[in-house]
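Enquirer:
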Amino acid sequence: MVDAIKEKRLLVAYITFEEEQHGFRCAENIKRALDA
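Our numbering numbers the first residue of the sequence shown as 55 and each following residue consecutively.
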């Protein structure tokens, strides 16, 4: 998905959360994602 956005020359930020899987469980990561 990120590559497709980049191909259209649009700005994209890709942030990974190593301790997360599919969805968020850690409150700190939820806040970080919402602030991004």
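Glycine residues also receive a C-beta, built at the ideal position from the N, C-alpha and C atoms.
1. In terms of alpha-carbon separation, which member of K62, K60 and N83 lies closest to E72?
2. By how many angstroms is the C-alpha of L65 removed from the C-alpha of A81?
3. Just checking my contact of A90 with I59 at CB under 8 Å: how many whole Å lie between their CB atoms?
4. Just curious, the alpha helix (DSSP H) that V56 is in, first and last residue?
Expert: With the given structure in hand:
1. N83
2. 27 Å
3. The Cβ separation is near 15 Å, so there is no contact.
4. V56 to E61
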